[in-house]
Each structure stands twice: as C-alpha cells, then as structure tokens.
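Protein chains in written order, with this note's numbering: chain A, 1 to 111; chain B, 112 to 222; chain C, 223 to 360; chain D, 361 to 498. Ideal placement from N, C-alpha and C gives every residue a C-beta, glycine not left out.
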Amino acid sequence: MSSEFSYTSKLENNILIITTQGYINNVGGEKIEKEFKKHYDNGVTNVLVDMEKSNVINSIGISYFIEIIEKLNDKNGKLYFTNLDSAIDKTFSIMGLFQYAVKVNSVDEIK
Amino acid sequence: MSSEFSYTSKLENNILIITTQGYINNVGGEKIEKEFKKHYDNGVTNVLVDMEKSNVINSIGISYFIEIIEKLNDKNGKLYFTNLDSAIDKTFSIMGLFQYAVKVNSVDEIK
Amino acid sequence: MDKNIILEIKLPNIPDIELVALEGLQLMGRCLGIDEDKIGEAKIIVTEAIINGLEHTGKESPFVDVDFTMTKEKLIITIIDSGKGFVPSEVAEPNLKDKLKGGNKRGWGLKIMKSMSDDFEIKSDENGTIIIITKKLI
Amino acid sequence: MDKNIILEIKLPNIPDIELVALEGLQLMGRCLGIDEDKIGEAKIIVTEAIINGLEHTGKESPFVDVDFTMTKEKLIITIIDSGKGFVPSEVAEPNLKDKLKGGNKRGWGLKIMKSMSDDFEIKSDENGTIIIITKKLI
Ligand SMILES: Nc1ncnc2c1ncn2[C@@H]1O[C@H](COP(=O)(O)OP(=O)(O)O)[C@@H](O)[C@H]1O
Ligand SMILES: Nc1ncnc2c1ncn2[C@@H]1O[C@H](COP(=O)(O)OP(=O)(O)O)[C@@H](O)[C@H]1O
Numbered sequence: 001m002s003s004e005f006s007y008t009s010k011l012e013n014n015i016l017i018i019t020t021q022g023y024i025n026n027v028g029g030e031k032i033e034k035e036f037k038k039h040y041d042n043g044v045t046n047v048l049v050d051m052e053k054s055n056v057i058n059s060i061g062i063s064y065f066i067e068i069i070e071k072l073n074d075k076n077g078k079l080y081f082t083n084l085d086s087a088i089d090k091t092f093s094i095m096g097l098f099q100y101a102v103k104v105n106s107v108d109e110i111k
Numbered sequence: 112m113s114s115e116f117s118y119t120s121k122l123e124n125n126i127l128i129i130t131t132q133g134y135i136n137n138v139g140g141e142k143i144e145k146e147f148k149k150h151y152d153n154g155v156t157n158v159l160v161d162m163e164k165s166n167v168i169n170s171i172g173i174s175y176f177i178e179i180i181e182k183l184n185d186k187n188g189k190l191y192f193t194n195l196d197s198a199i200d201k202t203f204s205i206m207g208l209f210q211y212a213v214k215v216n217s218v219d220e221i222k
Numbered sequence: 223m224d225k226n227i228i229l230e231i232k233l234p235n236i237p238d239i240e241l242v243a244l245e246g247l248q249l250m251g252r253c254l255g256i257d258e259d260k261i262g263e264a265k266i267i268v269t270e271a272i273i274n275g276l277e278h279t280g281k282e283s284p285f286v287d288v289d290f291t292m293t294k295e296k297l298i299i300t301i302i303d304s305g306k307g308f309v310p311s312e313v314a315e316p317n318l319k320d321k322l323k324g325g326n327k328r329g330w331g332l333k334i335m336k337s338m339s340d341d342f343e344i345k346s347d348e349n350g351t352i353i354i355i356t357k358k359l360i
Numbered sequence: 361m362d363k364n365i366i367l368e369i370k371l372p373n374i375p376d377i378e379l380v381a382l383e384g385l386q387l388m389g390r391c392l393g394i395d396e397d398k399i400g401e402a403k404i405i406v407t408e409a410i411i412n413g414l415e416h417t418g419k420e421s422p423f424v425d426v427d428f429t430m431t432k433e434k435l436i437i438t439i440i441d442s443g444k445g446f447v448p449s450e451v452a453e454p455n456l457k458d459k460l461k462g463g464n465k466r467g468w469g470l471k472i473m474k475s476m477s478d479d480f481e482i483k484s485d486e487n488g489t490i491i492i493i494t495k496k497l498i
C-alpha cells in the first residue's frame, strides 16, 4: 500500500540533504522546494536529494526540482541526486536535468 | 507499491519468532507454515508471529495459522501474535482464533 | 450534497490483483478522511470477495468486476463474477473447533465478509454471482 | 499463444488515484516476469497520461478510463478522458534552458510519454482525448 509523501532533512558540511519517501507528486515537490527555500535563504547552495525510498514521481513533482535548479544557478550552487530509480533517472535525462544537476553515489562525492 | 511477502525468523529462548512483511496470502501463509514446521519438528512449541509490517492478509493465508495451531495443540504448544493491525485483529476474533492463540505486546510476555 | 467517489475496476485473474482494489480503497478513504480502521475492515471484506470471484469465475471471462461507491458515511461494494454460481444457504458455517480436528482449514471468506459488513446481499445463479455489500464508515 | 493480461479501470478525479493503475502494472509485470525497469518506465508514462486526463476531463464525467493489455512482449496503454480536447501539434516542445529563465516550469508530460514509449498516438477533439501508447517490454 502506498504511503503518503514524507521527507527528512539535515545539514552536513553546509550541504542540505533531503531524504524523500513515497510519491513525489505536486504536494511532495512543493514540500521539497519549501524545505530547500528555508535553507537557501540562509545561504545554503549545495543540495542533495536522496530518493532511495521514492520510486514514483510525476512531472509536476519534478518541476519543483527545476525551480530549485533555477534558484541555485543564481548563486552558483548545485543540485545533486542519489539513489535514483532507473526509470526516474531516464525521465530526468529526457528532460535534460543532468545538464544542471549531478548524480552522486553519496554525499562524500560533493566537496 | 506493494512488496511481495517475505519473512525473517529467529529462535529466542526456544521461542520461534517469525517476523512477516507484506501480504499474507496463500503463498505467504504457506511459507510461514513451512518455516514453523521445520522448527516444530525440532521440538519448538512456542511461536510468535510479529505482523507489524503485514497489514494485508486473506483467509487462505490465515488458514495456515489454523494448521499451525492444530499442530501446536498436539504438543501443548501455543501460537502468539504481536503488532496486529486492527482490522486483522477483528478478523481473527470473528474466526475465534483467540480461543487458541494469544496476543502479546512483546516476546517478553511469553514465559 | 455529500461527495460521492466512484471507482470501477475489471480485474484479471492473476496473483494478488486484489491489491489494485485495496489501493483504490486506501486513496478514496484518504480523500474523504475516513478512519483508517474502517478502511482496513473494508479491505478485508473486498479481499475475500475478490478472491472468491476470481476462484470461481468462468474460464471464458476470467475477470471480476469491482465497483466502489464511497461517501463520508458509507461504502457500497459490488463484486461480480461470471462463474457457475452457488447456493449461499447451502454453505456450512465454519467453526474453528471442527477445523482443528484435521481436514480443510479454509471456508472463512463468507463469514468474515458478513461479520464485517453492515449489509450483505448475494445474487447467484448459473451465470454468475453478484455480491453487494454496504459498510458504514462512521 | 502468448498470455494476454487485461486490466480496465475507471478512475475518479481524486489525489494520487493514478497509484491504483501503477499497482496494476506492477502485478501484471510480476505475473509475466517483466523486467522491473521496463515496468518502471511504463509507470512513468501511465502517471503522466492519467494526470493529464484527470486535469482536463469534463466536470460532468470526472473520470479517466485506463486500459492495459500486457503480454511478455509489450504493453498497450489506452487512456481516455472526456475533456475539451487539444491540438497536440500546437503544444510547444519544452526546453529546460528556457524553463530556467523564470516562468512556468511545467509542460513535460507529453514529451516524457513520447520519449519513453515505442508508439504514441493521440486522438483529440471537443469530446475528449484518447491516448494509445505501446511500450515494448523486451
Ligand atoms: N463467487 C462464488 N462463486 C461460486 N461459489 C462461491 C463463490 N463464493 C463462495 N462460493 C462457495 O462458497 C464456499 C465458501 O466460500 P468462502 O466462505 O469464501 O470460503 P472458501 O472460499 O475458502 O471455501 C466456497 O467454497 C464456494 O463453494
Ligand atoms: N488530455 C488532455 N486534454 C486536454 N489538453 C491536454 C491533455 N493532455 C495535454 N493537454 C494539453 O497539452 C499541454 C501539455 O501537456 P503536458 O506536456 O502533459 O504538460 P502539462 O500538463 O504539465 O502542461 C497541457 O498544458 C494541455 O494544454
């Protein structure tokens, strides 16, 4: 049975790590963007989204990642993803997201 | 998204603890009974099933618990349940299962 | 007027396909703010009804039709199969004491469905079976 | 002959109801032993098609019809809504660079569906839209 979207977040070496769980739909995307914005306004410019526990997403949810990239670009920041489901990875590729966002295996790859 | 049935098991003070995950259907029920039988044949007569991660079940799955109770009754053994979802609890009540099986909060309640 | 959510599914006869209907119940319940325990009971009812339907439905049309109509107050469940039908009054009431004396442990579906629902109606003939169940949600 | 699994769902317009269809895909795929990644891609396609359908379907019939026919080789997806329709050729191709210059970030559904599918057909007029998609599974 599907669990509703939820997330946890933490700061590690000034990198915001957002770990999602469940369906990243319009509501989930908006929650992620709000959490991001809070830290962005405090000067955080590196963001890692861990999607190990999210294997369902829709394009409205993804559009919030584009919002985040837009804001990060203004400050020379970067959006990173880890643990992407293969179909979601393909979707991000189709949209061209990896021209701006970067896949990493773990937070340690972000200097 | 629904995950397929799986379980883990361990022996603690000669009590067999089976922790289930996912839908206890005919296949799941049969797997539980097979695991039980292995230990029963070695003399284990107290069995605890932890269903915290199973909130879907059907009556064919449950029929395997009746098999287990039948075998345990032969040896003065007992079947215990913990972490029952409320609708599953109600189903077991309707069937009269708690005339033979016992609900516990944790393995410590089984002496 | 009270919001009325309708979901209609034609399920093929494959393992665990009843989970599709349960997902629907979950989301309808969430949308209307129904108590989780009530939805849990509805899931038990629906699981049993679908399993019976799929077990007995005809080979020519190996499907079961599932319809839900949910309001904040109640859920109406309709399950239709195209099997050979049965005479409900001829089905013996299961009894755990007897089941524990060896033999077949099954035969609980109808009892569970009836006990958990607020209204339970079966129409069955040689062309199939229709079960209409009402479950109050408050 | 190749085994053919059919699932038909009429989805109401409530949050996340597309998950019902995704659960169906998952179970059909599991039954036929389809590669998880292919089912994952099918789920993306179906999610986008259902969301569009529900977003645009008519108020009088706030439903979307979803049909799947799956074999080991391929999945045929049909999604029907009763909205006002649209002219696909008039929909601009989304471009990430442009989207990053401010304004609306949406508009990716059709592109994703087309890119992920092996055949993609839209029939749309003032009475609604039918999308028929073929996705190879091997
Ligand atoms: N939809 C149906 N079509 C034909 N026969 C049915 C149907 N549902 C139930 N039955 C009959 O009623 C009996 C009891 O059903 P049930 O209480 O669900 O237990 P079980 O299916 O485990 O035997 C079945 O064994 C079957 O003979
Ligand atoms: N089923 C539909 N009915 C009517 N219009 C549609 C439908 N599907 C898509 N459209 C139109 O095509 C546009 C692009 O759709 P899409 O690529 O899915 O992106 P989005 O829905 O995010 O705008 C929509 O904005 C809408 O105008």
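Task: Inter-residue spacing [alpha-carbon to alpha-carbon] between B:Val218 and B:Gly188 - done: For B:Val218 and B:Gly188, the distance between alpha carbons rounds to 15 Å.
Open item on the list: Taking the straight line between their C-alpha atoms, what separation do you get for D:Asn364 and D:Thr431?
Closed with: The straight-line gap separating the alpha-carbon atoms of D:Asn364 and D:Thr431 is approximately 5 Å.
TODO: Taking the CB atoms as reference points, tell me whether C:Val286 and C:Leu276 lie closer together than 8 Å.
DONE: Yes, Cβ-Cβ distance for C:Val286 and C:Leu276 is below 8 Å.
Open item on the list: Would B:Ser174 and B:Gly133 be called neighbours here (beta carbons separated by less than 8 Å)?
Closed with: One thing to note: B:Ser174 has its Cβ no nearer than 8 Å to the Cβ of B:Gly133.
TODO: Go through its chain and collect everything with a Cβ distance to A:Gly61's Cβ below 6 Å, but skip five positions before and after it.
DONE: Ile24, Asn25, Gly28 and Gly29, listed in sequence order.
TODO: Check whether the Cβ atoms of A:Thr20 and A:Val49 lie closer than 8 Å to each other.
DONE: Yes, these two residues count as a Cβ contact at 8 Å.
TODO: Return no unless some Cβ of chain D is closer than 8 Å to the Cβ of A:Ala101.
DONE: No, because no Cβ of chain D sits closer than 8 Å to the Cβ of A:Ala101.
Task: C-beta contact flag for D:Ile411 and D:Val426 at 8 Å - done: No, the pair does not count as a contact, with Cβ atoms beyond the cut-off.
Open item on the list: In this structure, how does DSSP classify A:Val107 when only helix, strand and coil are distinguished?
Closed with: DSSP, read as helix, strand or coil, puts A:Val107 in helix.
Open item on the list: So, with DSSP's three-state summary, where would you put A:Val56?
Closed with: A:Val56 falls in the coil class under three-state DSSP.
Open item on the list: If I follow the unbroken alpha helix (DSSP H) through C:Val242, where does it start and stop?
Closed with: Looking at the DSSP string, the run of the alpha helix (DSSP H) that includes C:Val242 is Glu240 to Leu254.
TODO: Give me the Cα-Cα distance between C:Thr356 and B:Gln210, rounded to the nearest whole angstrom.
DONE: C:Thr356 and B:Gln210 have their C-alpha atoms some 29 Å from each other.
Open item on the list: For ligand 1, I want to know if B:Gly133 counts as a neighbour, meaning its beta carbon is within less than 7 Å of at least one of the ligand's heavy atoms.
Closed with: B:Gly133 Cβ: outside cutoff for every heavy atom of ligand 1.
Task: A:Lys10 versus A:Ala101: straight-line alpha-carbon distance, rounded - done: Those two C-alpha atoms are separated by around 19 Å.
Task: Buried/exposed call for D:Gly462, threshold 16 Cβ in 10 Å - done: So D:Gly462 ends up on the exposed side.
- [ ] Can you grab the Cα-Cα spacing for the pair C:Lys345 / C:Gly305, in whole Å?
- [x] Each residue's alpha carbon lies about 12 Å from the other.
Task: Host alpha helix (DSSP H) of C:Gly350 (start-end) - done: Taken as a continuous stretch (DSSP letters only), C:Gly350 belongs to no alpha helix (DSSP H), being part of the beta strand (DSSP E) at Gly350 to Lys358.
Open item on the list: Judging by CA-CA distance, which residue of A:Phe5, A:Asn13 and A:Glu33 is the nearest neighbour of A:Phe65?
Closed with: Considering only alpha carbons, the answer is A:Glu33.
TODO: For my contact list, C:Val242 and C:Ile231 are in at a C-beta cut-off of 8 Å; report their separation, rounded to the angstrom.
DONE: About 6 Å separates the beta carbons of C:Val242 and C:Ile231, which is inside the 8 Å limit, making them a contact pair.
TODO: For D:Glu368, decide whether its Cβ has a neighbour in chain C, counting only Cβ atoms nearer than 8 Å.
DONE: By this cut-off, D:Glu368 is an interface position.
TODO: Can you grab the Cα-Cα spacing for the pair D:Leu497 / D:Cys391, in whole Å?
DONE: Each residue's Cα considered, the two are about 13 Å apart.
TODO: Please name the residue, chosen from A:Asn46, A:Gly96 and A:Glu52, that lies closest to A:Tyr12 on a Cα-to-Cα basis.
DONE: With the sequence shown as reference, residue 12 of chain A is identified as Glu, and Tyr is not the correct amino acid for it. Of the residues A:Asn46, A:Gly96 and A:Glu52, the one whose Cα lies closest to the Cα of A:Glu12 is A:Asn46.
Task: Close Cβ partners of A:Ile85 (< 6 Å) along its chain, the five nearest in sequence each way excluded - done: The sequence given here places Asp at residue 85 of chain A; Ile does not occur at that position. Close CB contacts of A:Asp85 within its chain, under the 6 Å cut and outside five residues either way in sequence, are with Asn55 (chain order).
TODO: Check whether the Cβ atoms of C:Gly262 and B:Ser170 lie closer than 8 Å to each other.
DONE: Cβ atoms of C:Gly262 and B:Ser170: not closer than 8 Å.
Open item on the list: Can you check whether the C-beta of A:Lys71 is within less than 8 Å of a C-beta belonging to chain D?
Closed with: Not one chain D Cβ lies under 8 Å of A:Lys71.
Task: the region 385-414 of chain D: positions lying closer than 7 Å to chain A by Cβ - done: Shown in chain order are the members of the region 385-414 of chain D whose Cβ falls below 7 Å from a Cβ of chain A: Asp397, Gly400, Glu401, Lys403, Ile404, Thr407, Glu408 and Ile411.
Task: Cβ neighbour criterion (16 or more within 10 Å) applied to C:Ser339 - done: The residue in question, C:Ser339, is buried, as its Cβ has 16 or more Cβ neighbours within 10 Å.
TODO: Determine the extent of the beta strand (DSSP E) in which B:Ile126 is found, giving its start and end residues.
DONE: According to the DSSP assignment, B:Ile126 belongs to the beta strand (DSSP E) that extends over Ile126 to Gln132.
Task: Extent of the continuous beta strand (DSSP E) to which C:Asp287 belongs - done: Looking at the DSSP string, the run of the beta strand (DSSP E) that includes C:Asp287 is Phe285 to Met292.
Task: Partners in chain D for A:Tyr23, counting only beta-carbon separations shorter than 8 Å - done: The contacting residues are Asp376 and Leu379.
Open item on the list: I'd like to confirm the pairing. Which residues does DSSP put opposite B:Ser120 in its beta bridges?
Closed with: In the DSSP secondary-structure assignment, B:Ser120 is bridged to B:Ile129.
Open item on the list: I need the boundaries of the beta strand (DSSP E) containing C:Asp303, first residue and last residue.
Closed with: Annotation for C:Asp303: the continuous beta strand (DSSP E) segment containing it runs Lys296 to Asp303.
Task: Closer than 8 Å to chain C by CB, B:Ser114 - done: Chain C contact via Cβ: absent.
Open item on the list: Can you tell me where the beta strand (DSSP E) holding A:Thr82 begins and where it ends?
Closed with: That run of the beta strand (DSSP E) goes Lys78 to Thr82.
Open item on the list: For ligand 2, is there any heavy atom lying closer than 7 Å to the beta carbon of D:Arg466?
Closed with: Correct: D:Arg466 has its Cβ closer than 7 Å to ligand 2.
- [ ] Taking only heavy atoms of ligand 1 into account, decide whether any of them is closer than 7 Å to the Cβ of A:Ser93.
- [x] In terms of side-chain proximity, the C-beta atom of A:Ser93 is found no nearer than 7 Å to any non-hydrogen atom of ligand 1.
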